[in-house]
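Remember, the numbering used here sits 851 above the position in the sequence shown when you count from 1. Written out below as structure tokens is the structure these notes cover.
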Amino acid sequence: MTPSAASSSPGAPGLDIPEVVVAPGDIATTTVTVRNDSDIVEAYSLEIVGDCAAWTTVEPARVSLYPGTSETVTLRLEPPRSPEVRAGEVPLGVRVLPAEHPESVRVLETTVRIGAFHELHSELAPRRRRGWLRGRYRLAVRNQGNTPVRVGFTAGQAGEELAFAFTPAEHPLEPGESAEIGLRVRTGKPVWFGAPVVWPFTVDAAETGEQDAPRPDEPAVRTPLDAEFVQIPIFPKWLLALLAALLALLLAWFMLVRPAVRSAAKEAATEAVQPRPTPAGEQGADGQTPGTAPGTGTGTGKGTAPGAGSGGQGTGGPGGAGGDGTSVGNGTGVGDGQISQTIDVQSTRGQTKPGTYPVPEDSVFEVTDIVIANFQGDEGLMTITFGDRKITTIALETFRNQDYHWVTPIKIPENDTVTVEVTCEKPGTPATGRQAQGCHEVVNVSGTLRRTAQ
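In structure tokens:
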């Protein structure tokens, strides 16, 4: 051999080091004998090269030898249990570098046979699904072994109420590769009423085809994944309770509220259309006013009637007791009539704005009805006041149209006002579909305006 060269013990044919067999996750060792055939003291550095360098060590990594002596070093192989270390043959090299004669470097070679291991990791999401008839799940599968496999999928249930469908039914996976499989679960018939029904089932992913016998550290049978399909009824309990409550409200309306409302409305209408008696002294049988004297003479008459209008002076015929043929009559009448006033209030967001209707002088406004329109669906507050009497304060968002009625009218004296004060918090959206720029409320006040002037 050349000076300072290193030699190894005999190995397999064509190899400097015997072939090594190791399984991922295990430890295997082999030895190399280094001999100094030179005539000087030499130090040798040993380094692992090739694909096995990441998980192979040499002990010791440096030896010093006198001429004609040798030393055996140990190669320790620890391949990790990972998909990155694939099953099969992998070359291994040991580079021996002399310190004094680096030009005499030599690389000793061998082959490492890595065993195969199988490991599948699967995860089902979600584990619990609710539905009327069917549910969809996702099955994630990853090949954590070091050899290609073909994976098949199965689902099981204690009964036969559920049907299962995987998409796809089988899938090939390389080492370290992942795939997502769709799973559809379907029941045979719906649940119309009652409580939800829970259907438990299992899902498993396994290699198809012939398989090697599992190693002692590998589980022989994988535990399947547990899952549930919760079948909800078509008509839940709360819907049945709501329908019963609505039916009770309808019955109460037709049997109690509606007759009372119709009776009150009928009484109000009868009172409104009932003829009023003609006050005494307002008009004679011949159609003349009390202040008109068709005959002769002089006389003075005074009369008061609750109707509208004023009596004046009348002129008699020629001749009479006074000698001037004049007759004077004074009369005061008070008139009344149905009126309806509309108060329109428009305000912007954050603004409080009033709208008023003043009662004329010498009059009394007897209010019987109020109709309120919030046609935009605005939000805020509305306060209605008759003079110094607050009638109501309501939130705009609680109604679109509202009405109030009184059998006994509310009297508002002269110079007092009907006041509608609106605080706009948020303009609503009218039928156009676009939100309004400001709030807009309309209040209609109806009743009788009676004159009080003498």
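Backbone N, C-alpha and C define an ideal beta-carbon position, used for all residues, glycine too.
So what does DSSP say about residue i, is it helix, strand or coil?
i, result
"V1042", "coil"
"W1050", "strand"
"V1112", "helix"
"L984", "coil"
"P953", "helix"
"T1207", "strand"
"F1105", "helix"
"E1292", "strand"
"A1057", "strand"
"T1303", "coil"
"A874", "coil"
"A1246", "strand"
"A905", "helix"
"E1118", "helix"
"A894", "strand"
"A1009", "coil"
"A1096", "helix"
Distance, Cα to Cα, residue i vs residue j?
i, j, result
"R989", "P977", "7 angstroms"
"G1284", "H1291", "16 angstroms"
"Q1008", "L1034", "14 angstroms"
"Q1189", "L1300", "6 angstroms"
"E940", "R1001", "22 angstroms"
"T1074", "A1056", "10 angstroms"
"W906", "T961", "15 angstroms"
"Y1309", "T881", "Nothing can be reported for residue 1309, as the shown portion of the chain is limited to 852 through 1305."
"R913", "R886", "13 angstroms"
"A1095", "L1102", "11 angstroms"
"A1246", "T1259", "26 angstroms"
"E1230", "T1244", "13 angstroms"
"G966", "V872", "7 angstroms"
"P1211", "D1239", "17 angstroms"
"A1304", "S1297", "22 angstroms"
"F1237", "T1193", "14 angstroms"
"I1032", "E1058", "15 angstroms"
"S915", "G1003", "58 angstroms"
"I891", "P1023", "60 angstroms"
"R981", "E1028", "31 angstroms"
"L1090", "I1263", "49 angstroms"
"T923", "A938", "29 angstroms"
"R1302", "L1100", "45 angstroms"
"I1085", "A1092", "14 angstroms"
"S1198", "P1041", "54 angstroms"
"T998", "A1030", "16 angstroms"
"P1087", "W1043", "8 angstroms"
"W1104", "P1110", "8 angstroms"
"T920", "T884", "10 angstroms"
"Q1082", "T1005", "21 angstroms"
"P946", "E870", "Per the sequence presented here, residue 946 reads as Arg, with Pro not at that position. If you take the alpha carbons of R946 and E870, they lie about 17 angstroms apart."
"F1216", "E1248", "30 angstroms"
"H969", "P934", "10 angstroms"
Please state whether the Cβ-Cβ distance between residue i and residue j is less than 7 angstroms.
i, j, result
"P875", "V963", "no"
"F1052", "A1016", "no"
"L971", "L1076", "no"
"F1080", "G986", "yes"
"P942", "G901", "yes"
"D1220", "H1256", "yes"
"I1242", "V1271", "no"
"G1273", "V1196", "Checking the displayed sequence, the identity of residue 1273 turns out to be Val instead of Gly. A contact, by the Cβ cut-off of 7 angstroms."
"A879", "L928", "yes"
"V1269", "Y1208", "yes"
"T1018", "L984", "no"
What do you get for residue i, buried or exposed, if any count of 16 or more other CB atoms within 10 angstroms of its CB means buried?
i, result
"Q1288", "exposed"
"P1026", "buried"
"V1112", "exposed"
"N1266", "exposed"
"L1107", "exposed"
"S1191", "exposed"
"Q1227", "buried"
"L1098", "exposed"
"G1060", "exposed"
"S889", "buried"
"A1014", "exposed"
"Q1286", "exposed"
Quick one: does the C-beta of residue i sit closer than 6 angstroms to a heavy atom of the ligand COA?
i, result
"V1296", "For the ligand COA, the structure offers nothing, since it holds no ligand at all."
With three or more beta-carbon pairs closer than 8 angstroms as the criterion, would you say the segment 883–902 touches the segment 948–959?
yes
Are three or more beta carbon pairs between the segment 990–1005 and the segment 1042–1052 nearer than 8 angstroms?
These segments do not touch.
Counting pairs of Cβ atoms below 8 angstroms between the segment 1187–1204 and the segment 1241–1257, do you hit three or more?
no
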